[in-house]
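Visitor: Residue numbers (UniProt numbering): 1 to 153. For each residue, glycine too, the CB sits at the ideal point set by N, CA and C.
(1) Confirm, please, whether the CB-CB distance from residue 89 to residue 153 is below 7 Å.
(2) Measuring CB atoms only, is the region 92-101 touching the region 119-129, in the sense that at least three cross pairs come out at less than 8 Å?
(3) Three-state secondary structure (DSSP) at residue 153?
(4) Please specify which runs of the alpha helix (DSSP H), each continuous and at least 4 residues long, are wholly inside the UniProt domain "RWD" (11-109), giving them in chain order.
(5) Using alpha carbons as the reference points, say which of 145, 80 and 74 lies closest to residue 109.
(6) Any idea what DSSP makes of residue 127, helix, strand or coil?
(7) For residue 101 and residue 4, what's the separation of their Cα atoms in angstroms?
(8) With distances taken Cα to Cα, identify the nearest neighbour of residue 154 among 118, 20, 62 and 15.
(9) When you compare the CB positions of residue 60 and residue 8, do they come within less than 7 Å of one another, or not?
(10) Can you grab the Cα-Cα spacing for the pair residue 30 / residue 48, in whole Å?
(11) Alpha carbon to alpha carbon, how far is residue 11 from residue 74?
(12) To the nearest angstrom, how far is it from the Cα of residue 25 to the Cα of residue 80?
(13) Assuming residue 141 is part of the alpha helix (DSSP H), what are its boundary residues?
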């Protein structure tokens, strides 16, 4: 189980690196801690993420948000919302036995990144052994001009 978690964590880190590029930083490889910096105007948010050994099978990632401009109440609400979204999504996915027992999870995503330098779209896909399936899903996202979307089958 621990090996599966580490493999899934490595895949997730690879995906996040491809999505966020230089904004995604490794804090500590040994403790699986990472940081992303998100800027909008004069405001900057640092999101620190640590992946425990039993993530994703049993536990959520641990996170800390640094946003000096944000008041304490807003930060608390944000933390509660992130926990709620994670557990709700996990519970919903686990209700479907096909998803729970799936061996070939194909996916495609397109994410729009806005920086001071302009806008770009980061996209990728994975077939996981199903020939051309990920590419076809990505093509569908492209022709529909979908952004900030992920398909997983």
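Guide: In terms of the structure at hand:
(1) Position 153 of the chain shown holds residue 153. Position 89 of the chain shown holds residue 89. Not a contact, by the Cβ cut-off of 7 Å.
(2) Taking 8 Å as the limit for Cβ pairs, the verdict is that the region 119-129 does not touch the region 92-101.
(3) Start at 1 with the first residue of the chain shown, and residue 153 comes out as number 153. Reduced to three states, the DSSP call for residue 153 is coil.
(4) Whole alpha helix (DSSP H) segments, 4+ residues: 72-94 and 97-100.
(5) Taking the first residue of the chain shown as 1, we reach residue 109 at position 109. Looking from the CA of residue 109, the closest CA among 145, 80 and 74 belongs to 145.
(6) Position 127 of the chain shown, counted from the first residue, corresponds to residue 127. Here residue 127 sits in coil by DSSP.
(7) Locating residue 101 in the chain shown gives position 101, counting from the first residue. Locating residue 4 in the chain shown gives position 4, counting from the first residue. The straight-line gap from Cα to Cα measures roughly 14 Å.
(8) Because the chain spans 1 through 153 in this model, residue 154 falls outside it and cannot be assessed.
(9) Here residue 60 corresponds to residue number 60 of the chain shown, with the count starting at 1. Here residue 8 corresponds to residue number 8 of the chain shown, with the count starting at 1. Taking 7 Å as the Cβ cut-off, residue 60 and residue 8 do not qualify as a contacting pair.
(10) Here residue 30 corresponds to residue number 30 of the chain shown, with the count starting at 1. Here residue 48 corresponds to residue number 48 of the chain shown, with the count starting at 1. Whole-angstrom Cα-Cα distance: 15 Å.
(11) Translated into positions along the chain shown, residue 11 becomes position 11. Translated into positions along the chain shown, residue 74 becomes position 74. Distance between the alpha carbons of residue 11 and residue 74 is about 31 Å.
(12) Residue 25 sits at position 25 when you count from the first residue of the chain shown. Residue 80 sits at position 80 when you count from the first residue of the chain shown. The straight-line gap from Cα to Cα measures roughly 24 Å.
(13) Position 141 of the chain shown, counting from 1, holds the residue named residue 141. Per DSSP, residue 141 belongs to the alpha helix (DSSP H) from 133-143.
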